[in-house]
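Undergrad: One structure coming up, written as structure tokens, with questions to follow.
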Amino acid sequence: MIKTRASLACCAFALSLTAMPALADDDCDVPVQRWQSREAARQMAAQRGWQVERLKIDDGCYEIRGRDADGREFKAKLDPETLAVVKIKRRERARDRAHQQRPGSAAPPASQGAAARVFTPGTAPRGQIE
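Plus 266 on top of the position in the sequence shown (first one is 1) and you've got the numbering used here.
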């Protein structure tokens with residue numbers, strides 16, 4: 267009797283989990299009648315200094331891919347009614363980080379001469395154990 271109640275409780279719990287809708291915080295649920303035009307989204311992006319490479323609709327939001335005013339790649343989701351940024355991702359690359367180093371910041375460690383070099387151009391690599 268106790269095992270039956272426990273198994274029924276587990277089944278009821280599992281069914282309640284499957285009945286719950288998947289909630290995503292970056293989805294837009296604005297009715298299409300209240301959307302601003304794609305051209306308005308492009309104008310908003312231009313005002314921010316963005317270069318739009320792609321504008322599409324994803325999860326009910328406008329999604330813009332392009333470059334920001336600093337030339338870094340990004341992907342932004344916009345609310346189609348207010349054109350507010352719902353979510354933004356910036357792509358960081360090693361070359362971007364190198365350009366962002368400011369004078370006076372810690373420089374990468376310099377080579378300590380030929381003894382510290384593991385790879386020399388034009389020769390086979392060698393390993394050193396210290």
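Beta carbons are placed, not taken as given, at the ideal position from N, Cα and C, and that holds for glycine.
#1: Please name the residue, chosen from LYS343, PRO297 and TRP316, that lies closest to GLY332 on a Cα-to-Cα basis.
#2: Could you check where the beta strand (DSSP E) with GLU309 kicks off and where it finishes?
#3: Use the C-beta contact count for ALA350: other C-beta atoms within 10 angstroms, 16 or more gives buried, fewer gives exposed.
#4: Indicate the three-state DSSP secondary structure (helix, strand or coil) for ARG300 in the structure shown.
#5: Using DSSP with H/G/I as helix, E/B as strand and the rest coil, what is GLN394?
TA: Reading it off the structure:
#1: The alpha carbon of GLY332 has as its nearest neighbour, out of LYS343, PRO297 and TRP316, the alpha carbon of TRP316.
#2: The sequence shown places Gln at residue 309, rather than the Glu named in the question. Segment 304-313 is the alpha helix (DSSP H) holding GLN309; no beta strand (DSSP E) there.
#3: Answer is exposed; the Cβ neighbour count stays below 16.
#4: DSSP places ARG300 in helix when its eight states are reduced to three.
#5: Looking at GLN394 - three-state DSSP - the assignment turns out to be coil, as it is neither helix nor strand.
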